[in-house]
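Q: Submitted below is the structure of interest, expressed as structure tokens.
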């Protein structure tokens, strides 16, 4: 191994931005692009919501096979191998994407069975992406010193969010522009997936030859807990200690219900924006959704998260919890307004979306802080990983039924139902607030 190939001689600036951009892109392609693509292809909301929620399972379950990444090969090997696999899936998605006819798309009755191959490829990409997350985060901790890790934590977060803007904004914008010019929705998504594949292939090629090797990046074989069976026993022990923590049932209830309104809202937001006024939506062009929701909305989300972090660090989790719970719930009213008024003014729509996304970003800070608070103790890292699994489940459970409920009651009533779900957030906040250390989270 040449010295030039080691992390000691290569600045983290050469690999952290690209690594975390590569971590984010497939996640947003699988979980966000799929929603918009199926909606524009005419798949009914119920089937769209249910099957795209299934795609989230690998991120919910990834803790189960994470020990395999520890004991088989190196983290660098897993990163490159998973990127190659994800590139292949994006290429296959590009060439196998179905082309429903215009009448079927316009009627909104495209059967999800037409996309069986597409869903299988998305699932494989999802498992590869979740595995890549495990390897990338492990590699990050091994490839440079703790001081350097702390210095670059903001950089990795920024470039993951850049991937969010790319996935939810740029790619949707590309699809919209092509749709407008050609009038052909399937072709617009073929080209968009092709663009995704080409960009990800370039990142994969770069990492294959330029991602540095770390002397510490070795399989854990031979260590005290280095075998797969030892890791699995450690995993079982982690779950046992988690369920024995004081107040675990209340904590699980909080993790499942605090985001309940957002769990319903997130699956139907983009369909609502693009569905016609006659269907109860706003009838926005695809490219406009890419700009309004995928760019301005994400910026508002990031700003809310940043300000939420600053506020909570000054007053602590306990004092910020109710303010953040209010910010998590009240902005959902913007969708009630949009569904009733159905405004055509893009500025009004953008402001409403930004208010909701800012509130979500600000309120989500309390959720993350609470997971850290509950994870405190001997098994902090492992217990936090379990908490993130419940976080994923909190999004999945509403997602399975959100589309079917909307189809049954319409957009206006659906968003009123989302507002009713805010009571669940407030109830679990009330009980959790009594258990939190007033000093936790304060600088």
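In the working numbering, the protein residues as written are 49 to 491.
Just so it is clear, CB atoms sit at the ideal spot from N, CA and C, and this is done for glycine as well.
According to DSSP, is residue 341 helix, strand or coil?
A: Helix at residue 341.
Q: For residue 84, collect the residues of the same chain with a Cβ closer than 7 Å to its Cβ; drop the 5 residues on either side in sequence, then sort them by chain order.
A: Cβ within range, chain order: 220 and 318.
Q: By a C-beta neighbour count over all protein chains shown, 10 Å radius and 16 as the cutoff for buried, is residue 207 buried or exposed?
A: Residue 207 is buried by the Cβ-count criterion.
Q: Between the segment 111-122 and the segment 224-242, do three or more beta carbon pairs fall short of 8 Å?
A: No, because fewer than three Cβ pairs between the segment 111-122 and the segment 224-242 fall closer than 8 Å, the two stretches do not touch.
Q: Within its chain, find whatever has a CB closer than 8 Å to the CB of residue 298; leave out the 5 residues flanking it on each side and keep chain order.
A: Correct list, in chain order: 476, 479, 480 and 483.
Q: Report all residues from its chain with a CB closer than 6 Å to the CB of residue 307; omit the five preceding and five following residues, and keep chain order.
A: 442, listed in sequence order.
Q: Leaving out the 5 sequence neighbours to the left and right, which residues in its chain are closer than 8 Å to residue 324 when beta-carbon positions are compared?
A: The answer, listed in chain order, is 331.
Q: Are residue 183 and residue 251 closer than 7 Å when you measure CB to CB?
A: No; because the gap between Cβ atoms is not below 7 Å, this pair is not in contact.
Q: Would you call residue 473 buried or exposed, if buried means 16 or more other Cβ atoms sit within 10 Å of its Cβ?
A: Burial call: buried.
Q: Got a sec, what are the start and stop residues for the alpha helix (DSSP H) residue 359 sits in?
A: Here the alpha helix (DSSP H) through residue 359 covers 346-377.
Q: Under a three-way DSSP split, which group does residue 104 fall into?
A: Note: residue 104 maps to coil in three-state DSSP.
Q: Determine the DSSP secondary structure at residue 306, reduced to helix, strand or coil.
A: In the structure shown, residue 306 sits in coil (DSSP, three-state: anything other than H, G, I, E or B).
Q: Does the Cβ-Cβ distance between residue 101 and residue 444 come in under 7 Å?
A: Result yes, Cβ atoms of residue 101 and residue 444 sit closer than 7 Å.
Q: Exposed or buried, residue 81, counting other C-beta atoms within 10 Å across all chains shown (16 or more means buried)?
A: Looking at its Cβ environment, which holds 16 or more other Cβ atoms inside 10 Å, residue 81 is buried.
Q: How long is the line joining the alpha carbons of residue 214 and residue 386, rounded to whole angstroms?
A: Distance between the alpha carbons of residue 214 and residue 386: 26 Å.
Q: Helix, strand or coil for residue 439? Go by DSSP, reduced to three states.
A: Residue state, collapsed to three classes: helix.
Q: How big is the Cα-Cα spacing for residue 129 and residue 259?
A: Answer to the nearest angstrom: the Cα atoms are 12 Å apart.
Q: Counting C-beta neighbours from all protein chains within 10 Å, is the total for residue 168 16 or more, i.e. buried, or is it exposed?
A: The residue in question, residue 168, is exposed, as its Cβ has fewer than 16 Cβ neighbours within 10 Å.
Q: Thinking just about the alpha-carbon of each residue, which of 145, 322 and 265 is nearest to the one in residue 121?
A: Answer by Cα proximity: 265.
Q: Of the choices 112, 341, 262 and 322, whose alpha-carbon is the least far from that of residue 281?
A: Out of 112, 341, 262 and 322, 112 has the C-alpha closest to the C-alpha of residue 281.
Q: Please classify residue 391 as buried or exposed, where buried requires at least 16 neighbouring CB atoms within 10 angstroms.
A: Under this definition residue 391 is an exposed residue.
Q: Does the segment 395-410 come into contact with the segment 340-347, if we say contact requires no fewer than three beta-carbon pairs (one atom in each stretch) closer than 8 Å?
A: Touching, per the Cβ criterion.
Q: Identify whether residue 471 lies in helix, strand or coil by the three-state DSSP scheme.
A: The answer is helix: DSSP assigns residue 471 an H, G or I state.
Q: Starting from residue 128, follow the alpha helix (DSSP H) in both directions and report where the run begins and ends.
A: Element bounds for residue 128: 123-144.
Q: Going by DSSP in three states, residue 261 sits in which element: helix, strand or coil?
A: Correct three-state label for residue 261: strand.
Q: Secondary structure at residue 323, three-state DSSP: helix, strand or coil?
A: Three-state DSSP puts residue 323 in coil, outside helix and strand.
Q: Below 8 Å CB to CB, which residues in the same chain sit around residue 38 once its five sequence neighbours on both sides are set aside?
A: An answer regarding residue 38 cannot be provided, because it is not within the stretch 49 to 491 covered by the chain.
Q: Taking a contact to mean a Cβ-Cβ separation below 7 Å, would you say residue 439 touches residue 411 in this structure?
A: In this structure, residue 411 does not lie closer than 7 Å to residue 439 by Cβ.
Q: Taking the straight line between their C-alpha atoms, what separation do you get for residue 236 and residue 369?
A: Roughly 44 Å separates the two Cα atoms.
Q: Are there 16 or more other CB atoms within 10 angstroms of the CB of residue 457, so buried, or fewer, so exposed?
A: Exposed, since its Cβ has fewer than 16 Cβ neighbours within 10 Å.
Q: Tell me the DSSP secondary structure of residue 115 in three-state form.
A: Looking at residue 115 - three-state DSSP - the assignment turns out to be helix.
Q: Let me check understanding here. Comparing Cα to Cα, which of 433, 454 and 139 lies closest to residue 166?
A: Out of 433, 454 and 139, 139 has the C-alpha closest to the C-alpha of residue 166.
Q: Tell me which residue opens and which closes the alpha helix (DSSP H) that residue 381 is part of.
A: That run of the alpha helix (DSSP H) goes 381-389.
Q: Would you report the Cα separation of residue 65 and residue 200, rounded to the nearest angstrom?
A: Straight-line Cα distance between these residues: approximately 10 Å.
Q: Using a 10 Å radius around the Cβ and a threshold of 16 neighbouring Cβ atoms, would you call residue 310 buried or exposed?
A: Result: buried.
Q: Helix, strand or coil for residue 80 per DSSP?
A: Residue 80 falls in the helix class under three-state DSSP.
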